[in-house]
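Q: Okay, so the sequence shown: first residue is 32 according to our numbering, each after it adds one.
By construction, the Cβ of each residue, glycine as well, lies at the ideal position given by its N, Cα and C atoms.
Structure below; questions to follow.
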Amino acid sequence: MAGHVLCFGEVLLRFATPGHRLTVQCDALDMVVGGAEANVAAGLASLGHDVKMLTRLPSSPLGDKARAALGAAGVDTTLVGRAPGRMGLYFLESGAGLRPSSITYDRAGSLFAGSSSGDFDFASALEGARLLHLSGITPALGPGGVALAQAAVAAADAAGVPVCFDGNYRALLWESWDSDPRGILTGLMQSATVMIGNHRDISLLLGKAFSGDGSERRREAAQAAFAAFPRLQLIASTARHVVHSGHHRIAARLDSREGAHQTAEVDVTGIVDRIGTGDAFAAGVLHKWLEGGDLVATAQAGLAYTVLKHTVPGDMGLVGAEELEAFSASGGDVRR
Numbered sequence: 032m033a034g035h036v037l038c039f040g041e042v043l044l045r046f047a048t049p050g051h052r053l054t055v056q057c058d059a060l061d062m063v064v065g066g067a068e069a070n071v072a073a074g075l076a077s078l079g080h081d082v083k084m085l086t087r088l089p090s091s092p093l094g095d096k097a098r099a100a101l102g103a104a105g106v107d108t109t110l111v112g113r114a115p116g117r118m119g120l121y122f123l124e125s126g127a128g129l130r131p132s133s134i135t136y137d138r139a140g141s142l143f144a145g146s147s148s149g150d151f152d153f154a155s156a157l158e159g160a161r162l163l164h165l166s167g168i169t170p171a172l173g174p175g176g177v178a179l180a181q182a183a184v185a186a187a188d189a190a191g192v193p194v195c196f197d198g199n200y201r202a203l204l205w206e207s208w209d210s211d212p213r214g215i216l217t218g219l220m221q222s223a224t225v226m227i228g229n230h231r232d233i234s235l236l237l238g239k240a241f242s243g244d245g246s247e248r249r250r251e252a253a254q255a256a257f258a259a260f261p262r263l264q265l266i267a268s269t270a271r272h273v274v275h276s277g278h279h280r281i282a283a284r285l286d287s288r289e290g291a292h293q294t295a296e297v298d299v300t301g302i303v304d305r306i307g308t309g310d311a312f313a314a315g316v317l318h319k320w321l322e323g324g325d326l327v328a329t330a331q332a333g334l335a336y337t338v339l340k341h342t343v344p345g346d347m348g349l350v351g352a353e354e355l356e357a358f359s360a361s362g363g364d365v366r367r
């Protein structure tokens, strides 16, 4: 697999309440490294791909921890810039039963959010790249984030590098400033070859309501997206039914211009960590897509990787290719 995947976005520190406790009950929090694009980078690297992370981290012990976590996952960190500043943070209050988890962001004024496009050499980073992966979280950070995302996709277009764009709509971020998410995300999607998103994301982009009730209606949304975005070749999405915080039912779906495939639903129980599972899905899909897999194999890889991530604590999946290939929805005894 010649060439690297370039992931661009902010790396975060996550502070989570241990043992499903409420924040008011805690005197200590568990800290892990994450962030949507970093999670995809770690997943793809764990699956054997050459992956580089393009970001900026503070020149501090917290920045050191973040870079070390990426490196430990097998991600190339030579493009990670360092400068004085602060890390973006988020706080996770872990849910249980019918009480959902909740997230509080503390990322305003972070080093990455305050960066300009001149702080990154996109053209150099994209030399020899097979794919650029980024998400709607970067433009949701504010006007500066919009400029960063636009500069990244413009450089990919100039270099002839395909773009994977994950909508990753974060209402709390978009609503914190005078934003135009539809206009901004639609502009970025014009460069996308692969879209990670469902009928709700397409509804936002096109300003038209689409239903996710049934395969035919989901196909209608996909066809509308293909008509609106000429470069788009693949749309990957999941359907999730939450029974309670420890029991979800998940199916994966892939749409191409020629057809679609939707997997059977898998019961996911005994959930260890829900966060990062969407990023794991993206990593599983991209893993098989980069290998030239068909719709069926690619959808199954995405589903398997997201299901496996539910069993792994932290933001990052970190499951290897051998474990992915051996995945069975029925689980099983210890592999020896």
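Using the three-state DSSP reduction, which class does Pro89 fall into: helix, strand or coil?
A: Three-state DSSP puts Pro89 in a strand.
Q: Would you identify the three-state DSSP class for Thr169, choosing helix, strand or coil?
A: In the structure shown, Thr169 sits in a helix (DSSP, three-state: H, G or I).
Q: Which parts of the segment 148-206 are runs of the alpha helix (DSSP H), unbroken and 4 residues or longer, counting only runs that do not cross its ends?
A: The segment 148-206 contains these whole alpha helix (DSSP H) runs: 153-156, 168-171, 174-190 and 202-205.
Q: Hey, would you say Ser268 sits closer than 9 Å to Gly324, going by beta carbons?
A: Taking 9 Å as the Cβ cut-off, Ser268 and Gly324 do not qualify as a contacting pair.
Q: Return the CA-CA distance between Val36 and Pro49, expressed in angstroms with no decimal places.
A: Their Cα atoms are separated by approximately 34 Å.
Q: Compare the C-alpha of Gly40 against each of Gly333, Ala33 and Ala67 and name the closest.
A: Ranking the options by Cα distance to Gly40, first place goes to Ala67.
Q: Val316 by DSSP, collapsed to three states: which one?
A: Helix at Val316.
Q: Which ranges would you report for the beta strand (DSSP E) in the segment 254-286 if only whole runs of at least 3 residues count?
A: Complete beta strand (DSSP E) runs here, min 3: 265-275.
Q: Consult DSSP for Thr108 and reduce its assignment to one of helix, strand or coil.
A: Three-state result, Thr108: coil.
Q: Any idea if Met62 is buried or exposed, counting beta-carbon neighbours within 10 angstroms, 16 or more meaning buried?
A: Met62 comes out exposed.
Q: Could you say which of Gly74, Ala253 and Arg45 lies nearest to Leu236 if we only look at CA atoms?
A: If we check each option's Cα against that of Leu236, Ala253 comes out closest.
Q: Does Thr135 pass the burial test, meaning 16 or more other C-beta atoms within 10 Å, or should it be called exposed?
A: It is exposed - the Cβ of Thr135 has fewer than 16 other Cβ atoms within 10 Å.
Q: Mind checking who Gln56 pairs with in its DSSP beta bridge?
A: Per DSSP, none; premise fails for Gln56.
Q: Looking only at its own chain, which residues have a Cβ that is under 7 Å from the Cβ of Arg250, when we skip the five neighbours before and after it?
A: Asp286 and Ala291, listed in sequence order.
Q: Does the beta-carbon of Arg305 have 16 or more other beta-carbons within 10 angstroms, so that it is buried, or is it exposed?
A: When all chains shown are included, Arg305 counts as buried.
Q: Measuring straight from C-alpha to C-alpha, what distance separates Gly348 and Leu157?
A: Taking the straight line joining both Cα atoms gives about 25 Å.
Q: From the DSSP secondary-structure annotation, give me the bridge partner or partners of Ser133.
A: Its beta-bridge partners are Glu124.
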